[in-house]
Amino acid sequence: MRNDARRALNMQPVVCRAHLPGTTRHCCNKPPPGWIKINIDSARNSSTGVASCGGVERDEIMQWRFGFSKKIGICSSFDAEL
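Reading the sequence shown from the start, the letters are residues 1318 to 1399 in the numbering used here.
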């Protein structure tokens, strides 16, 4: 494995101050110069079973470059994360 790939895999997230009472917001470190960072997540409504996912791509100065969202449909939380 290349050194830069190994370094990217070893980056640790930084936990930021909560943005809503009783919740925690997770922030990530800036990627190294010349790199981009892609964060993705999913959510599922436990009452209806409907899930969706989304993601964002940011550059080395944490500027938004690209984002997406998609309705997955009815599935388990595990499947939504995949």
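Glycine included, each C-beta is placed from N, C-alpha and C at the ideal position.
All of these numbers come straight from a predicted model, not from anything done at the bench.
(request) From the DSSP output, read off the bridge partner residues of W1381. (result) R1375
(message) Tell me the DSSP secondary structure of S1393 in three-state form.
(response) coil
(request) My understanding is that I1389 touches G1366, with C-beta atoms under 8 Å, so please give their C-beta distance in whole angstroms. (result) 10 Å between Cβ atoms; not a contact.
(request) Ignore the nearest five residues each way along the sequence and tell me which others in E1377's own chain have a CB closer than 8 Å to its CB. (result) K1347, P1348, P1349, P1350, G1351, W1352 and I1353
(message) To the nearest angstrom, how far is the alpha carbon of N1384 from that of I1355?
(response) Sequence inspection shows Gly at residue 1384; the Asn mentioned does not correspond to that position. Answer to the nearest angstrom: the Cα atoms are 9 Å apart.
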